[in-house]
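Numbering (our numbering), first residue to last: 10 to 357.
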């Protein structure tokens, strides 16, 4: 399926299909004088003799969050400069969400910006590849250094998903689930029903496409996150703190963060989310829900306070649902949030 973004200007295509890298990469790259590839080393190892066999001399990088720091990022930049990258060169970034985040940031800053194509290879990256956010981490928290920088195209070849581990599937499913919930509680419930026994990529394909379209609706209206795009952070406030503190995969942390958001919605806006149903579903599928009972609240709050989305000292901006099932950004005092998180820890 081909999806075209609908920004006022500088739109780009998103190709979603099995085998789409094989059919589209050459036509998208042959207009450039030189093309450079940054590829997750694990992805390259798996596909260097098949899907990636025609790529010569790629820069392979360590996958995962370890690549999203200043030192490995600058090593990669220096390699590109050493290989004589030009302003009219193209950078193709192939890998999961972390590789895409850092690779996109490299594209935004090397020579003050070069064109790039994003080739996500994980379920999780169906989210991070869309919307033009690029970032790396700091010792102070996740994604605190970055830029908004759109790719020239996104090529989402679903064949890459065949090689995902169970942990990677669970992580990616976190963002698929989030998008379904953003669409409606009914959509989330249907997704839970369709995956009650097993989370299979084949089952998720229509939800992946729906998730991309849902995210695009938010991003087109608010590219730089001054309004509605903030709703895409559902589950991320506590999720990022859990991810950073306990070193769990991003999407798994988001799923735990969603439980917290639903609990807070019940407390603050009198919604009626069935926490036990969500908790049981996530526990059945192997999410580390025990961390919600074990988390050190004060440590979580310190990390949450550093979130770049907060705008007032001592106040946390949290994406919740109101009583009409509408998404709202709610400002919570630290003391109030602590009280509710302590309640969550005790009630599960």
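Where a beta carbon is used, it is the ideal one built from N, C-alpha and C, also for glycine.
#### Entry: residue 267 - partner residues in DSSP beta bridges
Here residue 267 corresponds to residue number 258 of the chain shown, with the count starting at 1. Bridge partners of residue 267 according to DSSP: none are assigned.
### Query
Do residue 278 and residue 331 have their C-beta atoms within less than 8 Å of each other?
Along the chain shown, one-based indexing puts residue 278 at 269. Along the chain shown, one-based indexing puts residue 331 at 322. Cβ atoms of residue 278 and residue 331: closer than 8 Å.
### Query
Name the DSSP bridge partner or partners of residue 150?
Walking along the chain shown from the start, residue 150 turns up at place 141. According to DSSP, which records beta bridges pairwise, residue 150 is partnered with 147.
### Limits of the alpha helix (DSSP H) - the one that residue 49 falls within
Position 40 of the chain shown, counting from 1, holds the residue named residue 49. Run containing residue 49: none in the alpha helix (DSSP H); it sits in the beta strand (DSSP E), 44–49.
### Task
Taking only heavy atoms of the ligand COA into account, decide whether any of them is closer than 7 Å to the Cβ of residue 224.
No copy of the ligand COA occurs in the structure displayed, which carries no ligand at all.
### Task
Can you tell me which of the three DSSP states residue 100 falls into?
Residue numbering aside, residue 100 sits at position 91 when the chain shown is read from its first letter. Here residue 100 sits in strand by DSSP.
### Message
Looking at the secondary structure, which residues open and close the beta strand (DSSP E) in which residue 162 lies?
### Response
Indexing the chain shown from 1 puts residue 162 at position 153. Note, residue 162: beta strand (DSSP E), 162–166.
### Task
Assign residue 363 to buried or exposed, taking buried as 16 or more other Cβ atoms, counted over all protein chains shown, within 10 Å of its Cβ.
Because residue 363 is not part of the residues shown, which for the chain are 10 to 357, the question remains open.
### Query
CB-CB under 7 Å to residue 143, same chain, minus the five flanking residues each way: which ones, in chain order?
The residue you call residue 143 lines up with position 134 of the chain shown. Here residue 143 has 110, 113, 114, 117, 155, 156 and 158 as same chain residues with Cβ atoms under 7 Å from its own Cβ, once five neighbours each way along the sequence are excluded.
### Query
For residue 308, which three-state DSSP category applies?
Locating residue 308 in the chain shown gives position 299, where the first residue counts as 1. The three-state secondary structure of residue 308, taken from DSSP, is helix.
### Query
Cα separation between residue 319 and residue 325?
Numbered from its first residue, the chain shown carries residue 319 at position 310. Numbered from its first residue, the chain shown carries residue 325 at position 316. If I take the Cα positions, the gap works out to 6 Å.
### Through-space distance from residue 348 to residue 134, alpha-carbon basis
Residue 134 sits at position 125 when you count from the first residue of the chain shown. Residue 348 sits at position 339 when you count from the first residue of the chain shown. If you take the alpha carbons of residue 134 and residue 348, they lie about 34 Å apart.
### Message
If I follow the unbroken beta strand (DSSP E) through residue 169, where does it start and stop?
### Response
Here residue 169 refers to the residue found at position 160 when the chain shown is read from its first residue. Premise fails: residue 169 is in no beta strand (DSSP E) and is neither H nor E.
### Query
What separation, rounded to the nearest whole angstrom, lies between the Cα atoms of residue 315 and residue 229?
The residue labelled residue 315 in the question sits at position 306 within the chain shown. The residue labelled residue 229 in the question sits at position 220 within the chain shown. Cα to Cα, the separation comes out at about 27 Å.
#### Entry: Pairwise C-alpha distance: residue 297 and residue 285
Counting from 1 along the chain shown, the entry for residue 285 is found at position 276. Counting from 1 along the chain shown, the entry for residue 297 is found at position 288. C-alpha separation (whole angstroms): 15 Å.
### Task
Taking 8 Å as the threshold, find out whether the region 247–266 comes into contact with the region 183–190 through three or more Cβ pairs.
Between the region 247–266 and the region 183–190, the count of C-beta pairs closer than 8 Å reaches three or more; the two stretches touch.
### Query
Short check: CB of residue 68 to CB of residue 126, under 8 Å?
Here residue 68 is taken as the residue at index 59 of the chain shown, counted from 1. Here residue 126 is taken as the residue at index 117 of the chain shown, counted from 1. Cβ distance not < 8 Å, so residue 68 and residue 126 don't count as in contact.
### Message
Could you tell me the alpha carbon to alpha carbon distance between residue 274 and residue 52, rounded to whole angstroms?
### Response
Looking up residue 274 in the chain shown gives position 265. Looking up residue 52 in the chain shown gives position 43. Straight through space, the alpha carbons of residue 52 and residue 274 are spaced by roughly 39 Å.
### Query
Where do the ends of the alpha helix (DSSP H) carrying residue 240 lie?
Position 231 of the chain shown, counting from 1, holds the residue named residue 240. If you look at residue 240, you'll find it isn't in any alpha helix (DSSP H); DSSP assigns it neither H nor E.
### Query
Identify the residues that DSSP records as bridge partners of residue 127: which are they?
As a first step, residue 127 is located in the chain shown; it is residue number 118 there, counting from the start. According to DSSP, residue pairing for residue 127 in a beta bridge involves 102 and 163.
#### Entry: CA-to-CA distance, residue 11 to residue 216, given in whole angstroms
Against the chain shown, residue 216 aligns to sequence position 207. Against the chain shown, residue 11 aligns to sequence position 2. Counting only the Cα atoms, residue 11 lies some 15 Å from residue 216.
### Backbone secondary structure at residue 189 - three-state DSSP
Translated into positions along the chain shown, residue 189 becomes position 180. The answer is helix: DSSP assigns residue 189 an H, G or I state.
### Task
Within its chain, find whatever has a CB closer than 6 Å to the CB of residue 181; leave out the 5 residues flanking it on each side and keep chain order.
Walking along the chain shown from the start, residue 181 turns up at place 172. Non-local beta-carbon contacts of residue 181 in its own chain, meaning distances under 6 Å to residues more than five positions away in sequence, involve 131, 132, 133 and 260 in chain order.
### Task
State the DSSP-derived secondary structure class of residue 298, mapped to helix, strand or coil.
Residue 298 sits at position 289 when you count from the first residue of the chain shown. The three-state reading of DSSP puts residue 298 in coil, since its state is none of H, G, I, E or B.
#### Entry: Reduced DSSP category for residue 288 - H, G, I as helix; E, B as strand; rest coil
Taking the chain shown and counting its residues from 1, one reaches residue 288 at position 279. Residue 288 falls in the helix class under three-state DSSP.
### Query
Is the distance from the Cβ of residue 167 to the Cβ of residue 214 below 8 Å?
For this step, residue 167 is matched to residue 158 along the chain shown. For this step, residue 214 is matched to residue 205 along the chain shown. In contact: residue 167 and residue 214 (Cβ atoms closer than 8 Å).
### Message
For residue 265 and residue 300, which I take to be in contact (beta-carbon distance under 8 Å), what is that distance rounded to the nearest angstrom?
### Response
Counting from 1 along the chain shown, the entry for residue 265 is found at position 256. Counting from 1 along the chain shown, the entry for residue 300 is found at position 291. Between the beta-carbon of residue 265 and that of residue 300 there is about 6 Å, and that keeps the pair under the 8 Å contact cut.
### Query
What is the C-beta distance between residue 30 and residue 62, in whole angstroms, given that I count them as a contact (C-beta under 8 Å)?
On the chain shown, residue 30 is found 21 positions in, with the first residue counted as 1. On the chain shown, residue 62 is found 53 positions in, with the first residue counted as 1. About 12 Å; that fails the 8 Å criterion.
### Task
Take residue 86 and list the residues in its own chain whose beta-carbon comes closer than 8 Å to its own, dropping the five residues that flank it on each side.
In the chain shown, counting from the first residue as 1, residue 86 sits at position 77. In the same chain as residue 86, and ignoring 5 residues on each side of it, the C-beta atoms closer than 8 Å to its own belong to 115, 118 and 119, in chain order.
### Query
At which residues does the beta strand (DSSP E) containing residue 328 begin and terminate?
One-based indexing of the chain shown puts residue 328 at position 319. Where residue 328 is concerned, the enclosing beta strand (DSSP E) stretches over 324–330.
### Message
For a quick check, are the C-beta atoms of residue 123 and residue 103 less than 8 Å apart?
### Response
The residue labelled residue 123 in the question sits at position 114 within the chain shown. The residue labelled residue 103 in the question sits at position 94 within the chain shown. Going by C-beta atoms, residue 123 is not nearer than 8 Å to residue 103.
### Query
Going by DSSP, which residues form a beta bridge with residue 155?
Here residue 155 refers to the residue found at position 146 when the chain shown is read from its first residue. Residue 155 pairs with 144.
### Task
With a 10 Å radius around its C-beta and 16 neighbouring C-beta atoms as the bar for buried, classify residue 17 as buried or exposed.
Translated into the one-based positions of the chain shown, residue 17 becomes position 8. Its Cβ having fewer than 16 others within 10 Å, residue 17 is exposed.
#### Entry: Beta-bridge partners of residue 341, as assigned by DSSP
Residue numbering aside, residue 341 sits at position 332 when the chain shown is read from its first letter. DSSP lists 325 as the bridge partner or partners of residue 341.
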